[in-house]
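Participant:
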Amino acid sequence: MATLYLYAVTYLSISSITHKYLIVGHTQNEGDSVHSVIEKQKTRLLKAGSIYSPQQWVTVIQSEKKTGKPFRVHELNYQHFIDFKKLTSNMGNNFNKNILGQKVVWKDVKVLKVSKEHPDRLFYKTSYEEKDFGEIIVMNKTRNAKRKSCDLELSKLYTEPPGISKEKKKDLIHLCESKLIPENYHYFFENLKVSNSCVAEVNDENSD
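Going left to right, the sequence shown walks through residues 1 to 208 as full-length UniProt numbering numbers them.
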């Protein structure tokens, strides 16, 4: 997230970004009520029957609200995902020590700020009462000079749809063959890609 903020103030027409972290039990936002409505609708629908494919969730969410405008669902595919890990490694490697050499404990950060004036730095507070920001220089001088000589690019995370493990695919096909998944959905599961990089989930009881 911090890397994305730095990228935004460097390459977009954004002068600064200030992120204030919510405190559990002391905040309320619109997202809470949205999630509650979706959860209730999901529970009702699952009592009436099963949901078999991801596409069904789009219809479920769009039909949640009984009054007012329906929820808009933005559907994503593999081409929408960005490799921020690669962006982070290209941008800098210091996210854990401030300019005083002190370790930064990220779980204690309450306010994070970045600015176009200092695109190589993160400013933070560990308390809302603090007047001054702590400061982290993300990039060293060599990396900063290199970055100025060539713009950073947002690389795609995937070049093709990601797959599932062979074991997972086998289990899903078994459910289809056993008629536990209706025939109308077999095509979706039969055409799921298998990836050798995916590791099957291990049951906790069997892993002991």
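Glycine included, every Cβ here is placed at the ideal spot set by N, Cα and C. Nothing here was measured: the structure is a model prediction, and the numbers come from that model.
Applying the criterion that 16 or more other CB atoms from any shown protein chain within 10 Å of the CB defines a buried residue, is M1 buried or exposed?
Facilitator: Answer is exposed; the Cβ neighbour count stays below 16.
Participant: Can you check DSSP and say which residues form a bridge with F123?
Facilitator: Paired residues: K113 and E135.
Participant: I'd like the span of the beta strand (DSSP E) that includes H186, first residue to last.
Facilitator: Per DSSP, H186 belongs to no beta strand (DSSP E); it is in the alpha helix (DSSP H), H186 to E190.
Participant: For F133, which residues in the same chain have their Cβ closer than 8 angstroms to its Cβ, ignoring the five residues on either side in sequence?
Facilitator: These residues qualify, in order along the chain: V111, K113, F123, Y124 and K125.
Participant: Check the C-beta distance from P161 over to Y78 and give it rounded, since I have them as a contact under 8 angstroms.
Facilitator: With a Cβ gap of about 5 angstroms, P161 and Y78 count as contacting.
Participant: Which of the three DSSP states, helix, strand or coil, is assigned to I181?
Facilitator: Here I181 sits in coil by DSSP.
Participant: Determine the contact status of N98 and I136, defining contact as a CB-CB distance below 8 angstroms.
Facilitator: Yes, these two residues count as a Cβ contact at 8 angstroms.
Participant: Would you grab the beta carbon distance between E75 and V58 for me? Rounded to a whole angstrom, and I think it's under 8 angstroms.
Facilitator: About 6 angstroms; that satisfies the 8 angstroms criterion.
Participant: Put C150 into one of helix, strand or coil per three-state DSSP.
Facilitator: Its pLDDT being 47, under 50, C150 is placed unreliably by the model, and nothing is read from it.
Participant: Indicate whether the contact test is met: 3 or more Cβ pairs, each with one atom in the region 2-22 and one in the region 77-97, closer than 8 angstroms.
Facilitator: Yes: the two stretches touch, three or more of their Cβ pairs being nearer than 8 angstroms.
Participant: Using three-state DSSP, classify T10 as helix, strand or coil.
Facilitator: Here T10 sits in helix by DSSP.
Participant: Thinking C-beta only, is F81 closer than 8 angstroms to Y7?
Facilitator: Not a contact, by the Cβ cut-off of 8 angstroms.
Participant: In chain order, which continuous runs of the alpha helix (DSSP H) of length 4 or greater are located wholly inside the region 33-86?
Facilitator: You should have 54-62.
Participant: What's the C-alpha gap between I14 and K116?
Facilitator: The straight-line gap from Cα to Cα measures roughly 7 angstroms.
Participant: Out of I164, E190, Q41 and S165, which one is the CA nearest neighbour of L175?
Facilitator: Of I164, E190, Q41 and S165, the residue nearest in Cα terms is E190.
Participant: On the DSSP letters alone, give me the boundaries of the beta strand (DSSP E) that I17 sits inside.
Facilitator: S16 to K20 is the span of the beta strand (DSSP E), which, as asked, contains I17.
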